RNA sequence: GCGCCUAUAGCUCAGUUGGAUAGAGCGUUCGCCUCCGGAGCGAAAGGCCGGAAGUUCGAGUCUUCUUAGGCGCGCCA
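In my numbering, the protein residues as written are 11 to 572.
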């Protein structure tokens with residue numbers, strides 16, 4: 011693992027702690043217990059490459075003005091053997107550090123040595139982590155909201171892998187319950203309609219074209235043989251016919267979107283293998299359930315929820331909540347995941363507290379369960395908001411979306427903002443100005459670097475030894491800024507993993523591309539003297555590697571040319 | 001009514017988890033290819049960070065209140 015940036019921050023802490031101790035021994039500062047202070051990247055590069063507020067936060071400890079503390083610390087600072095060549099006091103008492111050229115050069119070498127592993131960390135080493143995402147109802151195709159959830163969940167899973175977790179991707183198939191009944195009723199109506207157009211369509215039915223299509227496929231095979239059968243038998247046959255086709259359709263669509271799961275987990279399996287019954291029994295044994303009006307209730311109010319919830323309906327069928335508890339019991343207790351992240355639409359936020367409460371009551375610490383609430387995507391068409399709903403069939407499907415814009419553009423776009431933010435998606439604009447997507451800006455940087463390297467090789471310049479090239483004379487501001495930014499990748503990956511937010515990676519990739527484009531317009535590679543050309547070529551390679559690693563996490567292609 | 005999310009330039013959004021003079025892209029105006037890819041770079045203009053108090057050396061960031069918008073509060077999932 012190579013993480014020069016974190017090491018240099020730690021170096022600042024050590025340097026300052028040592029200086030404080032030295033100052034105390036000389037009587038320049040009072041003796042004191044170690045205290046916490048910040049080490050940050052200043053917004054203005056004139057303020058150094060790393061900056062510490064140690065003197066500011068310790069004003070109370072020492073009962074001295076920050077500027078005097080800073081002076082005492084700076085007076086005892088020893089930079090030998092550190093990544094820094096210079097240190098100075100500025101402003102109200104900041105202590106600013108400047109990287110040495112040798113350190114910056116070593117970053118380039120380090121990245122090239124790490125190669126495709128550069129950026130990977132050991133934050134989650136040894137931890138089994140499940141990310142459950144999309145989990146769209148199999149009653150129809152995926153829509154725009156699922157497209158965001160898919161890009162988000164898949165990239166989050168990749169980020170967690172990069173951070174060292176052992177990651178498992180899972181799709182929860184709601185293949186039982188009320189919406190499946192509804193699915194059956196809708197299919198039935200569409201089927202009967204073929205033979206008798208006056209058959210009414212149920213009010214709560216799914217109006218989408220896909221239902222009509224499935225009914226037609228069914229009729230093509232079985233003709234009218236089910237028209238005169240019992241409704242229950244007819245619905246059952248229709249569901250058994252259509253559901254596997256729908257699930258396969260979801261798999262195919264997701265595969266086109268570059269998403270493949272480790273497991274498609276069927277809700278119905280929880281009933282078949284008795285997990286639901288078992289978990290209901292556990293809750294009952296703990297005295298957390300009671301009967302009222304013919305239904306079995308969970309005392310959710312005692313578990314941190316707002317009100318009690320029904321587990322088993324008066325008609326004997328378990329609710330979604332009941333199977334969800336069983337499902338999470340399965341994830342944690344039966345399959346032994348250390349942590350689980352669920353990507354849910356924000357409209358499900360009311361269920362977070364009660365599910366966590368239920369897990370606590372089953373002896374699973376709720377801190378092991380994280381729910382990432384994703385705001386739904388608002389669709390704009392012709393400048394107006396379009397109300398999307400699977401029931402009315404007005405949703406834009408994932409495959410329609412991917413007919414209009416590239417997978418790269420879609421995956422990048424949906425990961426540009428934090429999950430909790432509201433997102434507008436203007437289909438007209440997206441299809442018209444596909445190239446406005448910043449993904450092309452990032453890919454262009456990659457193609458440009460490839461082009462430079464191709465051009466060098468075409469001139470018979472041997473680039474095979476770049477990994478060990480001395481890069482300490484990369485001192486132009488555009489060069490040092492780029493190198494420093496490259497060094498941030500491992501800590502950015504950790505931040506993204508901890509905050510469960512892959513948008514940190516897209517933002518990083520955009521910023522990295524910007525710094526490269528600036529470097530490109532200021533610094534030439536080809537035609538420079540060897541002592542400049544080779545280090546710059548090495549920097550290009552390091553940038554290329556860093557970009558590829560970011561795009562790899564996002565599963566966005568890194569083109570040789572555009 | 002209660003709960004969650006959001007509010008930063010004309011528009012779309014960043015803001016390194018409390019740091020120094022709040023930044024990009026699009027749009028507007030003006031520059032930059034004899035030279036590794038102009039899908040790029042540079043400059044100008046554009047701001048009461050929704051509003052009001054508070055916490056402290058220091059607040060776009062934290063607390064409380066408030067305003068506006070979105071979403072939820074079912075024996076649906």
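Each residue gets a CB set at the ideal place from its N, CA and C atoms; glycine is no exception.
As the structure is a prediction and not an experimental result, all values here were calculated from the model.
- Restricting attention to 91, 268, 17 and 510, the CA atom closest to the CA of residue 382 is found in 510.
- Contact between the segment 525 to 541 and the segment 89 to 109 is absent: fewer than 3 CB-CB pairs across the two stretches fall below 8 Å.
- Across the structure, residue 416 and residue 83 are spaced so that their CA atoms are roughly 55 Å apart.
- In the three-state reduction of the DSSP assignment, residue 91 falls in the coil class, being assigned neither a helical nor a strand state.
- If you check the CB distance, residue 176 and residue 239 do not come in under 9 Å.
- Assignment of beta-bridge partners to residue 384 by DSSP yields 355.
- In the three-state DSSP reduction, residue 165 falls in the helix class (H, G or I).
- Here residue 452 really is in contact with residue 557; their C-beta atoms are around 7 Å apart, less than 8 Å.
- With contacts defined as CB atoms closer than 9 Å, residue 123 and residue 477 qualify as a contacting pair.
- When secondary structure is reduced to three states using DSSP, residue 243 falls in the helix class.
- Taking a contact as a CB-CB distance under 8 Å, the pair residue 516 and residue 564 counts as one, their CB atoms being some 7 Å apart.
- Taking a 10 Å sphere around the C-beta of residue 335, we find 16 or more other C-beta atoms and assign the residue as buried.
- The way I'd put it, the segment 266 to 273 does touch the segment 409 to 426; three or more beta-carbon pairs between them come closer than 8 Å.
- With a minimum length of 3 residues, the unbroken runs of beta strand (DSSP E) contained wholly in the segment 146 to 230 fall at 176 to 183.
- Close CB contacts of residue 259 within its chain, under the 7 Å cut and outside five residues either way in sequence, are with 151 (chain order).
- A residue is called buried when at least 16 other Cβ atoms come within 10 angstroms of its Cβ; residue 62 meets this threshold and is buried.
- With a beta-carbon spacing of about 5 Å, residue 554 and residue 459 fall inside the 8 Å limit used to define contacts.
- Assignment of beta strand (DSSP E) within the segment 256 to 344, counting only whole runs of 3 or more residues, yields 273 to 276, 299 to 302, 305 to 308 and 319 to 322 in chain order.
- Here residue 546 carries a helix assignment [DSSP, helix/strand/coil].
- Between residue 482 and residue 115, the beta carbon gap of about 4 Å places them in contact (Cβ cut-off 8 Å).
- In this structure, residue 439 lies near residue 390, with their beta-carbon atoms less than 9 Å apart.
- Looking at the DSSP output, residue 96 shares a beta bridge with 108.
- In the DSSP assignment, residue 379 is bridged to 350.
- When beta bridges are read from the DSSP output, residue 49 appears opposite 62.
- Counting C-beta pairs with one atom in each stretch, the segment 192 to 202 and the segment 282 to 294 have fewer than three that are closer than 8 Å, which means they do not touch.
- Per DSSP, residue 435 is one residue of the beta strand (DSSP E) stretching across 433 to 436.
- Assignment of residue 11 by DSSP, reduced to helix, strand and coil, places it in the coil class.
- Fully contained in the segment 503 to 547 are the following alpha helix (DSSP H) runs of length 4 or more, in chain order: 513 to 532.
- Of the other Cβ atoms in all chains shown, fewer than 16 fall within 10 Å of the Cβ of residue 135; this residue is therefore exposed.
- Note on the segment 413 to 490: whole beta strand (DSSP E) runs with a minimum of 3 residues are 433 to 436, in chain order.
- Note on geometry: alpha-carbon atoms of residue 561 and residue 172 lie some 12 Å from one another.
- Here residue 155 is near residue 355, since their CB atoms are less than 9 Å apart.
- If you check the CB distance, residue 251 and residue 227 come in under 9 Å.
- Close CB contacts of residue 234 within its chain, under the 7 Å cut and outside five residues either way in sequence, are with 205 (chain order).
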